[in-house]
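Undergrad: I am attaching a structure below and will ask some questions about it afterwards.
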Amino acid sequence: MMLAERAGPGEIAVLGEVVAPTLVVVDYAEGRAHQLGAVLEALARAQEKVRLLLLARTAGAWRTERIDPCPALDVLGDDRIVVELGPVEPTPAGRVQAWEQAVTALAAGISELDVEGYRNIEWTSLATRLPTPTLDGPSYRTILAVQMHALAQLLQAGVPITAPDGWPQQVLLAHESRYWSRVADRFGITLTPATRRCLVATAALWGAATEGEARRVLTATQPRG
Numbered sequence: 306m307m308l309a310e311r312a313g314p315g316e317i318a319v320l321g322e323v324v325a326p327t328l329v330v331v332d333y334a335e336g337r338a339h340q341l342g343a344v345l346e347a348l349a350r351a352q353e354k355v356r357l358l359l360l361a362r363t364a365g366a367w368r369t370e371r372i373d374p375c376p377a378l379d380v381l382g383d384d385r386i387v388v389e390l391g392p393v394e395p396t397p398a399g400r401v402q403a404w405e406q407a408v409t410a411l412a413a414g415i416s417e418l419d420v421e422g423y424r425n426i427e428w429t430s431l432a433t434r435l436p437t438p439t440l441d442g443p444s445y446r447t448i449l450a451v452q453m454h455a456l457a458q459l460l461q462a463g464v465p466i467t468a469p470d471g472w473p474q475q476v477l478l479a480h481e482s483r484y485w486s487r488v489a490d491r492f493g494i495t496l497t498p499a500t501r502r503c504l505v506a507t508a509a510l511w512g513a514a515t516e517g518e519a520r521r522v523l524t525a526t527q528p529r530g
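Residue numbers (our numbering): 306 to 530.
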């Protein structure tokens, strides 16, 4: 089972009552130390066999350096529990195949979106005509980099936009920024580009489960005075 990002102490405590062998998976574990202590304590009470799999982008200081000491988390400092994962697609040929799969899936997904500027475009047809890239070198070591390249190429084929250096990250950010501007204009929101970027970053980092939480997050980012 995947542990929900917003699972609270009460929900986590239920893990101590599992009645069948259970695997608990925590993604982005490096940013969820506030949950891990409760998870380990709950699993220690379980009568059935349980396993905990932590997925993280780094095996760094988050395992050993914490603001709030928690004895249950001391086990995370043991390097013997760390397993480094290699690339999903280690060869250029495998990456090209993954790229083609990503382009096809992304085209189907974009076709279903009702977003100004992206409607009435034959995304599926565009995907079939994109040139096959050469995805060698360290820049495409991760599957995320391959998928970002696929999305950037697809968007540029349908609704081209100028990006600072042409890298997939910059291309996608340029498309995102254009979308933010259009939404702001539609609702009469007058904010500088820098403020918009700040608000989007805040929403992505903190998020909100309810309208009330969203208002509190956004209010906290507004300048005072």
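The beta-carbon is built from N, C-alpha and C at its ideal position, and this holds for glycine as well.
Just verifying my parser: in three-state terms, what is the DSSP assignment at MET307?
TA: Mapped onto the sequence shown, residue 307 falls at position 2. MET307: strand per DSSP, three-state reduction.
Undergrad: Taking Cβ to Cβ, would you say LEU348 is nearer than 7 Å to LEU320?
TA: Your numbering for residue 348 matches position 43 in the sequence shown. Your numbering for residue 320 matches position 15 in the sequence shown. In this structure, LEU348 places its C-beta atom within 7 Å of the C-beta atom of LEU320.
Undergrad: So what does DSSP say about ARG337, is it helix, strand or coil?
TA: Locating residue 337 in the sequence shown gives position 32, where the first residue counts as 1. Of the three classes helix, strand and coil, the one that applies to ARG337 here is coil, per DSSP.
Undergrad: Can you have a look at ARG368 and say buried or exposed, based on whether 16 or more other CB atoms are within 10 angstroms of its CB?
TA: Residue mapping note: residue 368 aligns to position 63 of the sequence shown, counting from 1. Per the 10 Å Cβ criterion, buried.
Undergrad: May I ask you to report which of helix, strand or coil DSSP gives ARG371?
TA: On the sequence shown, residue 371 is found 66 positions in, with the first residue counted as 1. Coil.
Undergrad: Name the two residues that bound the continuous beta strand (DSSP E) containing VAL522.
TA: As a working note, residue 522 is residue 217 in the sequence shown. Where VAL522 is concerned, there is no enclosing beta strand (DSSP E), although the alpha helix (DSSP H) it sits in stretches over 516 to 526.
Undergrad: Within this structure, are the beta carbons of GLU353 and ALA325 separated by less than 7 Å?
TA: The residue labelled residue 353 in the question sits at position 48 within the sequence shown. The residue labelled residue 325 in the question sits at position 20 within the sequence shown. Yes.
Undergrad: Any heavy atom of the ligand NAP inside 6 Å of the beta-carbon of LYS354?
TA: Of the ligands one can find in the structure shown there are none, so the ligand NAP has no counterpart to examine.
Undergrad: Measure the beta-carbon distance from LEU459 to LEU477 and round it to whole angstroms, keeping in mind my assumption that it falls under 8 Å.
TA: Here residue 459 refers to the residue found at position 154 of the sequence shown. Here residue 477 refers to the residue found at position 172 of the sequence shown. In fact, because the Cβ distance is near 11 Å, the residues do not count as touching under 8 Å.
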